[in-house]
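*Asks:*
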Amino acid sequence: MATTTAPEAVRLAELPPASGRAGFGGALRSEFTKIRSVRSTYWTLLVLLAISIGLGAAITGGTAAHWNQMSPGDQASFDATQASLGGLFYLGELVITVLGAMVLTSEYSTGMIRTSLTSMPRRGVVYAAKAVVFTCIALVVTFVAAFISFFLGQALLASTHHGATLSEPNVLRAIIGSVLYVSICGLFAYGVGAMIRHTAGTITTVIGVLFVIPILAHLLPQSWFWDIHRWLPSSAGEALSTTVGPPPEHLFSPWGQFAVLGAYTAVLLIAGGILFRKRDA
Amino acid sequence: MIEVRGLTKRYGDKVAVNDLSFAIEPGKVTGFLGPNGAGKTTTMRLILGLDYPDGGSVTVDGQRYHDLAYPMREVGALLDAKAVHGGRSAYNHLLCLAQTNNLPKRRVGEVLDLVGLSEVARKRSKGFSLGMSQRLGIAGTLLGDPRVLMFDEPVNGLDPEGILWIRNLMKALAAEGRTVFVSSHLMSEMENTADHLIVIGRGRLIADCSMAEFIARSSGASVRVRTPSPDQLVMAVAAEGGSASASGDGTLIVQGMTADRVGDIAFEKGIRLHELTLLRASLEEAFMELTADSVEYHAATPGQGSGEAASQPGPAAAPQPHIGSGV
């Protein structure tokens, strides 16, 4: 272990002279070090990849196996792109919210936030740097998950001759849309995390909003459901991933739906940022 | 220099820090003393901008902490050694701190060497003992080679070896001309290290003075006298407005007058003295006495209160019953 006697004098090498001030660049490097140096990041991202790709493969593989039992109508309306991406935007979304929440809430649960804000007291900078680093990592990983899911799914659907290709209409939009949708769900959780500051509370809240509210909304009288459906943050996933048939009824366009989610997320990020700056750490 | 002016902080109805003003001068070890719950940690959090004051202000070298160009080059603070992500290695913990202030990467290795944690640099800090965590925290404070160092109860829970290590380190840091601001609820901790004292109780300033002044100011100073005619001396002292009482070992303890005065009185009355000693109140007792009214949670101690409590962790406690007990 360590030496037992303290140094007689604290002799450290001279630091290079300081110029400028601590800012966003240093904060970005620091946040990247933080996120890459804990195991939970790797576990979460591994689970994201496994679940997205695995579930996508299960849906497409299962469909292929039962293709001949399906009615011609079902076969015609089958959305091969959406099926292959289903794992990503149904369950991948769930996993990314855990990571998005933990980026900030883990600092509160461990007490690290006090150390972080002592070394970099300009909180807006810390908040933005965390969001940027998380977003970049989420985009890269969901991008990989989306393309693997898509190509694996189409390969499994080969026997049906109903697989999709990138050049078909709406397919690329669905893939990129899923990447953006899942990533922004993570940012949604990040904003909520800044307000709630507890991991479990944040994840519960986000799951409630993104998963449970849509299910409850289905229980409403149908005309009410149609009225609120387009205003739910989770509807963006459905709109963006649909490539076959007429656009879903009572929804805005896919990117319009994405804008609704984006607006909610922006509000949460701003509110979270204000609280992060104003509250005692 | 850290300047605190009229600092006030409330948590709900509770006033944690109440109109506190003091300055921490450079190049000294300043002890920050107060009973548990006196507001020491809150004050330090306010200095560092972790909490926002309800009134008053704090500046570090004339600037708000938030405005310091490179905070880690100015102030190294360790409030809670366990305030780290346990899943991160010691090296990466220090690296992510260094990066915020654009400090070179090699610095991390240097401070790890300094605190003796190089061998466990790649281990996750979750498995560290309190002593090792404390060293990791101190390594973090030294990253920016700051002129001001702030430690909150740095020896709490450490074994004697760890305590000695921290003490020596603080002395070494001060010897280099750095400002060391260190809090404790144990006076004995300050006795050998602090040059200056800031004492608070219930969020208010009780004393802001040098160590010597602090001792002198406390009323606990008393005089031990050994004489073959104790009864005569007791009467003579009482006649001059002092008080003397017998202590167990056949000596008298005189209070309320200086040693010189006791000697003069004895000479005038023709009383022979075999010993005349000024007993400096031990620091712990002076502290207990000063803060007796401001202790937030009193234990209902049967018999005498603070005199007893004072003697347990402190150095050999001086006389017995006269001192303390402001309860």
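One line per chain: the protein sequences are A and B, in this order. Per my numbering, the first sequence starts with residue 6, numbered consecutively. Per my numbering, the second sequence starts with residue 1154, numbered consecutively. We put the beta carbon where it would ideally sit given N, CA and C, even for glycine.
Which value, in whole angstroms, describes the spacing of the CA atoms of B/G1456 and B/A1391?
*Replies:* Because the pLDDT at B/G1456 is just 45, under 50, the model does not fix this residue reliably, and the value given afterwards should be weighed accordingly. Spanning the two alpha carbons is a distance of roughly 27 Å.
*Asks:* Can you tell me whether DSSP reads B/S1281 as helix, strand or coil?
*Replies:* Note that residue 1281 of chain B is Phe in the sequence shown here, rather than Ser. Three-state result, B/F1281: coil.
*Asks:* Note down, in chain order, every chain A residue with its Cβ under 7 Å from the Cβ of B/Q1252.
*Replies:* Within 7 Å Cβ-Cβ: G31, R34, S35 and T38.
*Asks:* Between the segment 1220-1234 of chain B and the segment 1300-1313 of chain B, are three or more C-beta pairs nearer than 8 Å?
*Replies:* Because the criterion of three Cβ pairs below 8 Å is met, the segment 1220-1234 of chain B and the segment 1300-1313 of chain B touch.
*Asks:* Please confirm if the segment 243-261 of chain A is in contact with the segment 173-189 of chain A, defined as three or more CB-CB distances below 8 Å between the two stretches.
*Replies:* Taking 8 Å as the limit for Cβ pairs, the verdict is that the segment 173-189 of chain A does touch the segment 243-261 of chain A.
*Asks:* When Cβ atoms are compared, which residues of the segment 1229-1255 of chain B fall closer than 7 Å to chain A?
*Replies:* Against chain A - using a Cβ distance shorter than 7 Å - the residues of the segment 1229-1255 of chain B are A1230, L1232, D1233, K1235, A1236, V1237, H1238, G1239, G1240, R1241, S1242, N1245, L1248, C1249, L1250, Q1252, T1253, N1254 and N1255.
*Asks:* Among the residues of its own chain, which have a CB less than 6 Å from the CB of A/C141, if the five just before and after it don't count?
*Replies:* Nothing meets the Cβ criterion.
*Asks:* Tell me the rounded alpha-carbon separation between B/S1459 and B/L1443.
*Replies:* Below a pLDDT of 50, predicted positions are generally treated as unreliable, and B/S1459, at 39, falls in that range; the measurement from the model is reported next regardless. Cα to Cα, the separation comes out at about 11 Å.
*Asks:* Could you pull out every residue in the same chain whose Cβ sits closer than 7 Å to the Cβ of A/T204, ignoring the five residues on either side in sequence?
*Replies:* So the list reads A106, M107, T110, S111 and S114, once near-sequence residues are dropped.
*Asks:* Please confirm whether B/L1431 has its beta-carbon closer than 9 Å to some beta-carbon of chain A.
*Replies:* Closer than 9 Å: no.
*Asks:* Just the chain B side, please: which residues come within less than 8 Å of A/V103 by C-beta, in chain order?
*Replies:* Correct list: empty, because the minimum Cβ distance to chain B is about 15 Å.
*Asks:* Taking all protein chains shown into account, do 16 or more other C-beta atoms lie within 10 angstroms of the C-beta of B/H1427, making it buried, or fewer, making it exposed?
*Replies:* Answer is exposed; the Cβ neighbour count stays below 16.
*Asks:* Mind checking B/S1174: buried by the 16 CB within 10 Å criterion, or exposed?
*Replies:* That one is exposed.
*Asks:* Give the range of the beta strand (DSSP E) segment to which B/N1171 is assigned.
*Replies:* It spans K1167 to I1177 - the beta strand (DSSP E) in which B/N1171 sits, taken as one unbroken run.
*Asks:* Among the residues of its own chain, which have a CB less than 7 Å from the CB of A/I118, if the five just before and after it don't count?
*Replies:* Result list for A/I118: E112 and A286, in chain order.
*Asks:* What are the partner residues of B/F1334, as DSSP defines its beta bridges?
*Replies:* For B/F1334, which the question treats as bridged, DSSP gives the partners B/T1183 and B/M1303.
*Asks:* Using only the alpha-carbon positions, how far apart do B/T1161 and B/V1213 sit?
*Replies:* Cα to Cα, the separation comes out at about 17 Å.
*Asks:* Counting pairs of Cβ atoms below 8 Å between the segment 255-265 of chain A and the segment 227-237 of chain A, do you hit three or more?
*Replies:* Touching, yes.
*Asks:* Of the residues that make up the segment 1212-1231 of chain B, which ones have a beta carbon closer than 7 Å to any beta carbon in chain A?
*Replies:* Listed by position, the residues of the segment 1212-1231 of chain B near chain A (Cβ gap below 7 Å) are Y1218, H1219, A1222, Y1223, P1224, M1225, R1226 and A1230.
*Asks:* Tell me whether B/T1430 sits in a helix, a strand or coil according to DSSP, three-state version.
*Replies:* Strand, per DSSP.
*Asks:* For B/R1357 and chain A, any beta-carbon pair shorter than 9 Å?
*Replies:* Closer than 9 Å: no.
*Asks:* Just how far apart, CA to CA, sit A/A143 and A/A151?
*Replies:* If you take the alpha carbons of A/A143 and A/A151, they lie about 12 Å apart.
*Asks:* Would you tell me roughly how many angstroms separate the C-alpha atoms of A/L50 and A/S57, rounded to the nearest one?
*Replies:* Taking the straight line from one Cα to the other gives about 10 Å.
*Asks:* Report the neighbours of B/P1257 on chain A: residues whose CB is nearer than 8 Å to its CB, in chain order.
*Replies:* L20 and P21, listed in chain order.
*Asks:* Considering B/F1210, what are the terminal residues of the beta strand (DSSP E) in which it resides?
*Replies:* The sequence shown places Ser at residue 1210 of chain B, not Phe. Start and end: G1208 to V1213.
*Asks:* Hey, how far is the Cα of B/G1293 from the Cα of B/T1194?
*Replies:* So the two alpha carbons sit approximately 19 Å from each other.
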